[in-house]
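Trainee: Before anything else, here's the structure in question.
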Amino acid sequence: TVDKILRGKISIIQLKKGFRYGFDTVFLAAFVNGYLKKLKKKKISLADIGSGVGTISMIIAYKNNEINITAIENNDSYIEIANKNIVRNNLQKKLI
Numbered sequence: 321t322v323d324k325i326l327r328g329k330i331s332i333i334q335l336k337k338g339f340r341y342g343f344d345t346v347f348l349a350a351f352v353n354g355y356l357k358k359l360k361k362k363k364i365s366l367a368d369i370g371s372g373v374g375t376i377s378m379i380i381a382y383k384n385n386e387i388n389i390t391a392i393e394n395n396d397s398y399i400e401i402a403n404k405n406i407v408r409n410n411l412q413k414k415l416i
């Protein structure tokens, strides 16, 4: 399925069955974004371990200009979808 978050600013491809993003995903990304805002660092590098289809990473990347995120996942299906999501949302320069 294709779902939109952040009032349609991010489009997420995810499987119909199995893990799907929810409130906890968006809440965690918002918490990280709040923390990063307090740091006031210009350049930030993060790792998202167990990134799934990349929802948290994409929310963080969307909200932060000078950031590099490495998303790590061991499920080949999720990696394939995450790569599509990154391109779909034009986040290739911020997220690998």
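Residues 321 to 416 in our numbering are what the sequence shown lists, from first letter to last. For each residue, glycine too, the CB sits at the ideal point set by N, CA and C.
(1) Using 10 angstroms around the beta-carbon of residue 373, count the other beta-carbons present and answer buried if the total reaches 16, otherwise exposed.
(2) Give the DSSP-derived three-state secondary structure of residue 397 in the structure shown.
(3) Rank 380, 358, 359 and 335 by C-alpha distance to the C-alpha of residue 346 and give the top, closest one.
(4) Helix, strand or coil, according to DSSP, for residue 326 in the structure here?
(5) Do residue 387 and residue 404 have their CB atoms nearer than 8 Å?
(6) Between which residues of its own chain and residue 365 is the CB-CB distance below 7 Å, once the five residues before and five after are set aside?
(7) Using DSSP with H/G/I as helix, E/B as strand and the rest coil, what is residue 335?
(8) In terms of residue numbering, what span does the alpha helix (DSSP H) encompassing residue 377 cover?
Mentor: Well, looking at it:
(1) Here residue 373 refers to the residue found at position 53 of the sequence shown. Buried: at least 16 other Cβ atoms inside 10 Å.
(2) Residue 397 sits at position 77 when you count from the first residue of the sequence shown. Helix.
(3) Position 26 of the sequence shown, counted from the first residue, corresponds to residue 346. It is 380.
(4) Taking the first residue of the sequence shown as 1, we reach residue 326 at position 6. In this structure, residue 326 counts as coil in the three-state DSSP scheme.
(5) Translated into the one-based positions of the sequence shown, residue 387 becomes position 67. Translated into the one-based positions of the sequence shown, residue 404 becomes position 84. Contact flag unset, no.
(6) Within the sequence shown, residue 365 is the residue found at index 45, counting from 1. Here the set comprises 388.
(7) The residue given as residue 335 occupies position 15 in the sequence shown. Reduced to three states, the DSSP call for residue 335 is coil.
(8) Reading the sequence shown from its first residue, position 57 is the one you call residue 377. Its alpha helix (DSSP H) spans residues 375-383.
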